[in-house]
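Novice:
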Amino acid sequence: MTGIRFQSTPENEIPVSVPVDTVLARTESLVLWLTDVHVYSCGVEFTIQARRPESTVLLDMFGFGKPASSNSSGPFLFGVEYADGSVFTNLPGARMTDGLHGGAGRGGPLTGDKTYFLQPLPPPKRWSMITAWPYFGVPESRTDLDSAVFAEAAERVETLWPEPVHALVEASDGRQQPPALELPPGGWFEWAGRRRVE
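Counting from 1, position 17 in the sequence shown corresponds to residue 17 in the UniProt record's numbering; the numbering is continuous, with no gaps.
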């Protein structure tokens, strides 16, 4: 069966950990960093952590248009850009079969984290993670990563048995209607949002 993986890591593989721990954005009031990076044959799972010294709201790390509660911050914005021009974001309205999938996450007033699964593996050359959090005044920030590190790790992934057929789905052409979201004007997220709906 041809298709792509639907929102989850392979159930039949032992991933390879990659020691990529790097700060993605830092202000006086908030720090975001990348950690817990695991490479599979078809993609990368990773976690983004957030910390604040003080806060009166819960950190909304979920994205993808998940409704915010009255006591949570505005959403954390996250995106990936590959060297071949492919773009994946946590903006509302992304197709369920797009390459960035949200996993587990939590958010309190001082700490939050969100796990993502990104597919396919980054193509050769560098790829970028882009972050912003307008609610907290965190501007757009781009962090470049070396694709070769991830390609080498993918070669060491252990496949335990054939992948179950239920794990694959045909790509869908349908798109969800995104709720209104105010994006920083003139930045990467505005560009990525326009590109997605064109």
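Heads up, the beta-carbon is just placed ideally off N, CA and C, and yes, glycines get one too.
1. Please classify F64: does DSSP put it in a helix, a strand, or coil?
2. On the DSSP letters alone, give me the boundaries of the alpha helix (DSSP H) that F150 sits inside.
3. With a CB to CB cut of under 8 Å and the five nearest residues on each side skipped, what residues in its chain are close to T111?
4. Find out if the Cβ-Cβ distance for the pair P122, S147 is shorter than 8 Å.
5. Can you tell me the Cα-Cα spacing of residue 202 and D113, whole angstroms?
6. Helix, strand or coil for E81 per DSSP?
7. So, for M96: in the same chain, excluding its five sequence neighbours on each side, which residues have a beta-carbon less than 6 Å away from its beta-carbon?
8. When the Cα atoms are used, what is the spatial distance from G93 to F64?
9. Give me the DSSP bridge partner(s) of K125.
10. How far does the beta strand (DSSP E) with E45 in it extend, from its first residue to its last?
11. What does the alpha-carbon distance come out to for the pair P28 and L160?
12. Hey, quick one: how far does the beta strand (DSSP E) through F136 stretch, first residue to last?
13. For G102, which three-state DSSP category applies?
14. For the beta strand (DSSP E) holding T56, just list the boundary residues, first then last.
15. In terms of alpha-carbon separation, which member of P15, A132 and V87 lies closest to G74?
Specialist: Reading from the atomic positions:
1. As a first step, residue 64 must be located in the sequence shown, where it is residue number 64. Coil, per DSSP.
2. Here the question's residue 150 lines up with position 150 in the sequence shown. Where F150 is concerned, the enclosing alpha helix (DSSP H) stretches over S147 to A154.
3. Your numbering for residue 111 matches position 111 in the sequence shown. For T111, where only same-chain residues beyond five positions count, the Cβ hits under 8 Å are Q49, A50, R51, R52 and L59.
4. Taking the sequence shown and counting its residues from 1, one reaches residue 122 at position 122. Taking the sequence shown and counting its residues from 1, one reaches residue 147 at position 147. At the C-beta level, P122 and S147 come within 8 Å of one another.
5. Within the shown structure, residues of the chain are numbered from 1 to 198, placing residue 202 beyond reach of any answer.
6. Residue mapping note: residue 81 aligns to position 81 of the sequence shown, counting from 1. Residue state, collapsed to three classes: strand.
7. Taking the sequence shown and counting its residues from 1, the one referred to as residue 96 is at position 96. For M96, the pLDDT reaches just 49, beneath the cut-off of 50, and the residue's location in the model is therefore unreliable, leaving the point undetermined.
8. Residue 93 sits at position 93 when you count from the first residue of the sequence shown. Residue 64 sits at position 64 when you count from the first residue of the sequence shown. When rounded, the distance between both Cα atoms is 7 Å.
9. Taking the sequence shown and counting its residues from 1, one reaches residue 125 at position 125. Its beta-bridge partners do not exist; DSSP assigns none.
10. Along the sequence shown, read from residue 1 onward, the residue named residue 45 stands at position 45. That run of the beta strand (DSSP E) goes V44 to R51.
11. Working through the sequence shown from its first residue, we reach residue 28 at position 28. Working through the sequence shown from its first residue, we reach residue 160 at position 160. In the sequence on display, residue 28 carries Glu and not Pro. If I take the Cα positions, the gap works out to 46 Å.
12. In the sequence shown, residue 136 corresponds to position 136, counting from 1. Premise fails: F136 is in no beta strand (DSSP E) and is neither H nor E.
13. Counting from one through the sequence shown, the residue named residue 102 turns up at place 102. G102 falls in the strand class under three-state DSSP.
14. Within the sequence shown, residue 56 is the residue found at index 56, counting from 1. Note, T56: premise wrong, no beta strand (DSSP E); not H, not E.
15. As a working mapping, residue 74 is identified with position 74 in the sequence shown. Nearest of P15, A132 and V87 to G74, Cα basis: A132.
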